[in-house]
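Engineer: Letter by letter, the sequence shown follows residues 0 to 105 in numbering that gives the first Met the number 0. There's a structure below that I have some questions on.
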Amino acid sequence: MNETLKAAIKQFGVPNQLDMVIEECAELIQAINKAKRAGIVKEWGISHPSKESTMSEIEAYNNLVSEFSDNKIMLGQLDLMLQKDFTELSTLRKLNRLKTKLQNGN
């Protein structure tokens, strides 16, 4: 997978791929909002399509999955563009902060 992501960065260039990260993030935001409007976002999770699902619910779920996948790909490219030790340290700090919040009930 990393080889494909690196090839995309090389072929399309960093500025273009950063624009794609922005675009895909915006599309994910729209997909989340549509999923919420379709009623598939619940307090306990996201409803998977079933035989009883409406076409709107199925489309919202499928679109959310598709946009999530696009974001994983683009964020994978962004991860390759950034310096790994910086991103790992930042992620660790943020996870520790989240853990502390959860422990404190905030």
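Glycine residues also receive a C-beta, built at the ideal position from the N, C-alpha and C atoms. Here the structure is a predicted model, which is why all the values come from computation and not from measurement.
Helix, strand or coil: how does DSSP classify ILE39 here?
Structural biologist: What you label residue 39 is simply residue 40 of the sequence shown in a count that begins at 1. In the structure shown, ILE39 sits in coil (DSSP, three-state: anything other than H, G, I, E or B).
Engineer: When you compare the CB positions of GLU56 and ALA30, do they come within less than 9 Å of one another, or not?
Structural biologist: Reading the sequence shown from its first residue, position 57 is the one you call residue 56. Reading the sequence shown from its first residue, position 31 is the one you call residue 30. No, the pair does not count as a contact, with Cβ atoms beyond the cut-off.
Engineer: Buried or exposed: LEU81, going by 16 or more other Cβ atoms within 10 Å of its Cβ?
Structural biologist: The sequence position of residue 81 within the sequence shown is 82, counting from 1. By the 10 Å Cβ count, LEU81 comes out exposed.
Engineer: Taking Cβ positions, are GLN10 and MET73 nearer each other than 9 Å?
Structural biologist: To locate residue 10, count along the sequence shown from 1; it is residue 11. To locate residue 73, count along the sequence shown from 1; it is residue 74. It is not a contact, given that the beta carbons lie outside the stated cut-off.
Engineer: Among CYS24, ILE8, ASP18, ALA6, which has the Cα closest to the Cα of SER68?
Structural biologist: For the purposes of this step, residue 68 is identified with residue 69 of the sequence shown, where counting begins at 1. SER68 has its Cα closest to that of CYS24, out of CYS24, ILE8, ASP18, ALA6.
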